[in-house]
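Trainee:
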Amino acid sequence: MITETILFFCGRANVTAVDKIEPNKGTSIIKTEGESVTLSCSYDSDSENVRLYWYRQYPNGEPQYLLREGARSNSAKHSSDPRFQSSTSRMLTELIISSVTVSDSALYYCALRIFSES
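full-length UniProt numbering numbers the first residue of the sequence shown as 1 and each following residue consecutively.
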């Protein structure tokens, strides 16, 4: 039986002096096809109006949007693939990818954005 190995890296984007987000330890993860993987980033913001984003980037490619989530909620918003889910808390956001495939091997970015409610 041949088993495919899937490699995940986690990076960060959109960091300012007041608001920050960064990947948690273990930013390189190896999984076998069909397993699930959870990538996580810690964030800190004084704002209550935080949106958290996840992106994927293949070698020599541009980052691709995966999903966005309001802080402190438990359901992915605007995700085009049901295998990608997100969970957030006051200081943590997670990207959960179920049934990983070789094509999921990539660099994953977490990002945050402060929005205004106007």
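Ideal Cβ positions, reconstructed from N, Cα and C, are used throughout, including at glycine.
1) What three-state label does DSSP hand S89 in the structure shown?
2) So Q64 and L107 are in contact, right, with Cβ under 8 Å, and what is the actual spacing, rounded?
3) In or out: T93 buried (at least 16 other Cβ within 10 Å) or exposed?
4) Tell me the residue span of the beta strand (DSSP E) that contains S28.
5) With 16 as the cutoff for other CB atoms within 10 Å, does T88 come out buried or exposed?
6) What number of angstroms, rounded off, separates the C-alpha of R83 from the C-alpha of L67?
7) Terminal residues of the continuous beta strand (DSSP E) containing A106?
8) Leaving out the 5 sequence neighbours to the left and right, which residues in its chain are closer than 6 Å to R113 when beta-carbon positions are compared?
9) Determine the extent of the beta strand (DSSP E) in which S40 is found, giving its start and end residues.
10) Looking only at C-alpha atoms, which of S28, V100, D44 and T32 sits nearest to A111?
11) Taking 9 Å as the threshold (C-beta atoms), are T38 and residue 123 in contact?
Mentor: With the structure as the only source:
1) coil
2) At roughly 11 Å, the Cβ-Cβ gap does not stay under 8 Å, so Q64 and L107 are not in contact.
3) buried
4) S28 to T32
5) buried
6) 11 Å
7) A106 to I114
8) R51
9) V37 to D44
10) D44
11) Beyond the ends of the chain as shown, which are 1 and 118, falls residue 123; an answer cannot be given.
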